[in-house]
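What follows is a set of notes on a single structure, which appears directly below.
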Ligand code: NOJ
């Protein structure tokens with residue numbers, strides 16, 4: 010496998026990126042139209058979230074046919090054109106493979122439902138009576154993880170929505186089908202894959218009630234997961250591809266195994282521990298302030314642990330499932346720009362592959378929807394009801410959604426100051442963010458040398474320019490407070506140190522004497538001087554990157 014340590018991935022949620030045919034729904038041609046923009050940003054791979062035929066109950070993560078394109082997004086010719094045009098610019102396409110489950114509209118499930126036992130073995134069916142659910146496991150979108158089909162007198166497992174039936178990976182036929190799908194896309198010129206919740210696919214043979222949680226401890230990083238991944242990657246002939254696995258509630262030990270080159274499983278993993286530091290008692294739907302001590306501890310643990318085990322991290326704050334990071338850990342007001350830059354820099358200089366989610370590079374903010382009618386996401390709509398049933402008032406439930414909903418990241422991309430942000434001429438499928446301000450657009454930031462967008466361009470370019478960022482060894486520096494994160498990277502003669510003030514208060518740090526003569530490679534306040542004094546006062550959300558280059 011060729012070295013991918015200096016590559017950067019840009020994630021596109023096609024539905025909300027750019028609509029070229031005026032139906033309020035983003036499309037593949039919209040991505041092609043923006044290739045110059047993406048090339049200028051400097052990214053190497055485009056991860057496209059699913060655009061396959063789908064009833065869109067979960068915005069495409071409910072796939073009805075893995076080899077076709079949902080006409081709402083475009084045609085196969087348009088995709089081939091996108092692949093070609095991207096290649097011309099040195100950009101490769103990463104597809105999103107949802108292999109833990111299919112939509113119940115998928116032909117396999119349809120046949121299973123009609124009584125075909127061969128296809129029933131593609132899924133996890135359990136015989137039973139309607140009054141006796143096989144286990145007490147919970148769906149991640151709320152409610153039971155089992156659904157009963159009276160005609161079959163069987164239950165089927167769905168860890169997500171009732172229309173997303175879990176596949177049975179213990180059936181070799183299923184694994185063969187999935188390999189075939191990968192080969193199909195490889196032929197089309199796809200060069201990378203992201204695997205959706207891939208660490209959930211190996212279920213235990215005996216399924217039992219969970220009296221401590223929702224069942225996840227039985228199926229996350231399940232019994233045959235490593236074996237299945239090795240098989241999938243080698244049989245599909247994608248050992249040379251960049252492959253990234255989305256790992257739900259995983260562990261460091263497993264992620265080392267998933268991503269260490271010698272294991273020949275995946276190139277890298279997403280884990281979400283650092284994005285749960287504002288969950289109260291681990292509950293996404295209960296609000297709490299960010300626990301910075303925990304955040305720092307997690308970064309240190311995962312960065313050092315993965316390095317020791319020769320695993321490889323992804324570096325990300327945002328995706329289509331997460332609220333916008335500036336709203337969450339930065340400042341939407343006067344330090345909007347500074348905090349967006351600091352948060353970006355904080356992870357881009359770490360050891361791993363950075364992922365930029367559309368709109369993050371211009372500092373987009375949460376949706377701030379005032380009413381439930383504006384929400385689209387199935388998880389948010391379900392949990393709104395659950396919160397009300399649990400005694401929250403509508404106002405409280407909306408406050409929780411405003412902080413936690415996945416729709417926060419799915420609002421239309423803000424290209425310019427037109428009514429719908431240049432995303433579409435027509436009303437988008439989901440409303441614009443209420444924080445759609447004229448300065449939070451590509452147009453406004455494109456030619457501004459101090460913009461967030463320009464800062465992201467620098468981050469991408471620096472990774473390519475200084476091998477220490479891609480390949481350096483990382484170590485963390487002691488700081489007197491949890492509100493400062495500082496680390497060092499070393500590669501051959503090159504060294505950098507990164508200091509981040511995570512909050513709104515000024516912080517004093519000590520800069521070792523030798524480093525105070527290094528060059529400032531990057532900072533988010535204009536005109537800061539090289540800190541000759543040992544003591545240096547960091548401004549709110551300041552990031553300072555010093556280098557001996
Ligand atoms: C993770 C995806 O990122 C999310 O959007 C989806 O709802 C679940 N997996 C289920 O496929």
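Residue numbers (this note's numbering): 10 to 558. Beta carbons: idealized from backbone N, C-alpha and C, even for Gly.
- Query: What is the residue span of the alpha helix (DSSP H) that residue 244 lies within?
  - Reply: Within the chain shown, the letter at position 235 stands for residue 244. Run containing residue 244: 234–245, per the alpha helix (DSSP H) assignment.
- Please state if the CB of residue 32 and the CB of residue 109 are separated by a distance shorter than 8 angstroms. As a first step, residue 109 must be located in the chain shown, where it is residue number 100. As a first step, residue 32 must be located in the chain shown, where it is residue number 23. Taking 8 angstroms as the Cβ cut-off, residue 109 and residue 32 do not qualify as a contacting pair.
- Query: What residue from 54, 87 and 547 has the CA that sits closest to residue 200's CA?
  - Reply: Within the chain shown, the letter at position 191 stands for residue 200. When each option's Cα is compared against that of residue 200, the closest is 54.
- Task: Taking residue 487 as the reference, give the member of 351, 309, 15 and 504 with the closest Cα.
- Result: What you label residue 487 is simply residue 478 of the chain shown in a count that begins at 1. Ranking 351, 309, 15 and 504 by Cα distance to residue 487 puts 309 first.
- Item | Which of helix, strand or coil DSSP assigns to residue 327 | Taking the chain shown and counting its residues from 1, one reaches residue 327 at position 318. DSSP places residue 327 in coil when its eight states are reduced to three.
- Task: Reducing DSSP to helix, strand and coil, say where residue 214 ends up.
- Result: Walking along the chain shown from the start, residue 214 turns up at place 205. Coil at residue 214, not helix or strand.
- Query: Roughly how many whole angstroms lie between the Cα atoms of residue 431 and residue 425?
  - Reply: On the chain shown, position 422 is the one that residue 431 refers to. On the chain shown, position 416 is the one that residue 425 refers to. If I take the Cα positions, the gap works out to 5 angstroms.
- Say whether the region 184–191 touches the region 237–250, bearing in mind that this needs 3 or more beta-carbon pairs closer than 8 angstroms, one atom from each stretch. yes
- Item | Sub-8 angstroms separation of residue 554 and residue 532 beta-carbons | Taking the chain shown and counting its residues from 1, one reaches residue 554 at position 545. Taking the chain shown and counting its residues from 1, one reaches residue 532 at position 523. Yes, the Cβ-Cβ distance between residue 554 and residue 532 is below 8 angstroms.
- Query: Can you list, in chain order, the residues of its chain whose CB lies under 8 angstroms from that of residue 36, leaving out five sequence neighbours each side?
  - Reply: As a first step, residue 36 must be located in the chain shown, where it is residue number 27. Contacts found: 23, 27, 28, 29, 30, 81, 82, 83 and 87.
- Item | Rounded distance between the beta-carbons of residue 392 and residue 151, thought under 8 angstroms | Residue mapping note: residue 151 aligns to position 142 of the chain shown, counting from 1. Residue mapping note: residue 392 aligns to position 383 of the chain shown, counting from 1. The pair is a contact, with the Cβ atoms about 6 angstroms apart (cut-off 8 angstroms).
- Query: Got a sec? Which residues, its chain only, sit under 8 angstroms from residue 543 by beta carbon, not counting five neighbours each side?
  - Reply: Working through the chain shown from its first residue, we reach residue 543 at position 534. Counting only Cβ-Cβ distances below 8 angstroms, and skipping sequence neighbours, we find 519, 520, 521, 522 and 525.
- Grab the span of the beta strand (DSSP E) containing residue 101 for me, first residue to last. Here residue 101 is taken as the residue at index 92 of the chain shown, counted from 1. 101–106 is the extent of the beta strand (DSSP E) around residue 101.
- Between the CA atoms of residue 504 and residue 529 - distance to the nearest angstrom: Position 520 of the chain shown, counting from 1, holds the residue named residue 529. Position 495 of the chain shown, counting from 1, holds the residue named residue 504. About 12 angstroms.
- In terms of residues, what are the limits of the alpha helix (DSSP H) holding residue 201? If you number the chain shown from 1, residue 201 lands on position 192. Counting along the chain, residue 201 falls outside any alpha helix (DSSP H), though it belongs to the beta strand (DSSP E) covering 201–204.
- Task: Report back the beta-carbon spacing between residue 20 and residue 366 to the nearest angstrom; my notes put them in contact at under 8 angstroms.
- Result: Working through the chain shown from its first residue, we reach residue 20 at position 11. Working through the chain shown from its first residue, we reach residue 366 at position 357. Rounded, the Cβ-Cβ distance is 5 angstroms, consistent with contact.
- Excluding the five sequence neighbours on either side, which residues of its own chain have a C-beta within less than 6 angstroms of the C-beta of residue 94, listed in chain order? For the purposes of this step, residue 94 is taken as residue 85 along the chain shown, with counting starting at 1. Same-chain partners within the cutoff: 41 and 44.
- Mind checking residue 129: buried by the 16 CB within 10 Å criterion, or exposed? Against the chain shown, residue 129 aligns to sequence position 120. Buried, since its Cβ has 16 or more Cβ neighbours within 10 Å.
- Message: Which residue marks the beginning of the beta strand (DSSP E) containing residue 546, and which one marks its end?
- Response: Residue mapping note: residue 546 aligns to position 537 of the chain shown, counting from 1. Counting along the chain, the beta strand (DSSP E) containing residue 546 begins and ends at 544–547.
- Message: Residues in the same chain with beta-carbon distance under 7 angstroms from residue 145, minus the five sequence neighbours each way, listed in chain order, please.
- Response: The residue labelled residue 145 in the question sits at position 136 within the chain shown. Cβ within range, chain order: 218 and 219.
- Message: According to DSSP, simplified to helix, strand and coil, what is residue 556?
- Response: The sequence position of residue 556 within the chain shown is 547, counting from 1. In this structure, residue 556 counts as strand in the three-state DSSP scheme.
- Cα separation between residue 516 and residue 253? Within the chain shown, numbered from 1, the residue matching residue 516 stands at position 507. Within the chain shown, numbered from 1, the residue matching residue 253 stands at position 244. For residue 516 and residue 253, the distance between alpha carbons rounds to 37 angstroms.
- 6 angstroms Cβ shell around residue 417 - same chain, five flanking residues per side excluded: Against the chain shown, residue 417 aligns to sequence position 408. Counting only Cβ-Cβ distances below 6 angstroms, and skipping sequence neighbours, we find 332, 333, 375 and 376.
- Query: Any heavy atom of the ligand NOJ within a distance shorter than 7 angstroms of the CB on residue 369?
  - Reply: Locating residue 369 in the chain shown gives position 360, counting from the first residue. No, the beta carbon of residue 369 sits no closer than 7 angstroms to any heavy atom of the ligand NOJ.
- Task: Confirm, please, whether the CB-CB distance from residue 304 to residue 286 is below 8 angstroms.
- Result: Here residue 286 refers to the residue found at position 277 when the chain shown is read from its first residue. Here residue 304 refers to the residue found at position 295 when the chain shown is read from its first residue. Cβ atoms of residue 286 and residue 304: closer than 8 angstroms.
- Quick one: does the C-beta of residue 255 sit closer than 7 angstroms to a heavy atom of the ligand NOJ? Against the chain shown, residue 255 aligns to sequence position 246. Within the cutoff, so yes.
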